[in-house]
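Numbering (our numbering), first residue to last: -11 to 321.
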């Protein structure tokens, strides 16, 4: 059964602002910069879970930076947060864009800047969360938005990186795809299937859509046995491409850290992914949510502090073969 999405998520669609003139106070070098928290990481590591955890501990709102979740529709394929997972936290830039058009990095910079202004104007803190590091890099380092000063001149950034050992993450991703199929992924993609569609535009670029093309083209004209083979092949390809995406996202984070010189706080969530039930929640609090809360608290108080973080396992480390993933499945995005 398809999950109820966004209805009570306090989704906020920030209107476009027509700024009549620049406030020169923004350029005052003595003016204290506003604070923006970023939650980054590979797909499936728990970015949404952490951002919502933080937003329930600080007066904050979340801005989505996932380039597929910004589009309307395909809630299962794009793994949008559910009503329950939102926990009443307002979300911006989630399911706002026309699925048949390309929402670019410049579009993101424009809309995210407006959302940040709206949030900070209400004395709340923006938390930008998502796996599209190109969007975040454009916002922080490169893009300018019409009629507002460069991002770095206005905002101070805190970067939190939720990491999971790759072997563990790949197993979790595989199991998550199976759960998405059980939740109705195939039917969801079937509803938007168009044999003439352009898979290089809009939401059809999302992993889970192009991979289903061969199956959906042939399911009505081939036998059930062959169709089942096509479907298994499509699901395997979705898993493969999702794992490739995770590796690409990690490479990008390393580049931002090593080449761009971003100060990024790495939180290792591997232990939480290896445990079940209350033990998983305890591990998440110990290794991820708790240290992140300390980091953000110091950041908002204009203090430097080093939280008590257990030395993490490198993301490429080999973990044992038995990996129970059900404990963190519901809230890992």
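The beta carbon of each residue, even a glycine, is placed where N, CA and C say it ideally should be.
Item: Integer Cβ distance of residue 77 from residue 40, believed to fall under 8 angstroms; Value: 5 angstroms
Item: Candidates 89, 211 and 285, of which the one nearest residue 44 by Cα; Value: 285
Item: Contact check, residue 117 vs residue 50, beta carbons under 8 angstroms; Value: yes
Item: DSSP-derived helix/strand/coil call for residue 272; Value: helix
Item: Burial state of residue 244 (16 or more Cβ within 10 Å); Value: buried
Item: Contact belief for residue 65 with residue 197 at Cβ below 8 angstroms, rounded distance in angstroms; Value: 6 angstroms
Item: Where residue 96 sits in the DSSP three-state scheme; Value: helix
Item: Alpha-carbon to alpha-carbon, residue 20 and residue 326; Value: The requested residue 326 is not part of the displayed model; the chain covers only -11 to 321.
Item: The region 198 to 214 in contact with the region 236 to 250 per 3-pair CB rule at 8 angstroms; Value: no
Item: Rounded C-alpha distance that separates residue 159 from residue 109; Value: 42 angstroms
Item: DSSP-derived helix/strand/coil call for residue 183; Value: coil
Item: Buried or exposed (CB count within 10 angstroms, at least 16 for buried), residue 214; Value: exposed
Item: Boundaries (first-last residue) of the beta strand (DSSP E) holding residue 52; Value: 48 to 52
Item: Reference residue 233, options 157, 188, 220 and 47, closest by Cα; Value: 157
Item: Cβ pair count under 8 angstroms reaching 3, the region 138 to 153 against the region 81 to 96; Value: no
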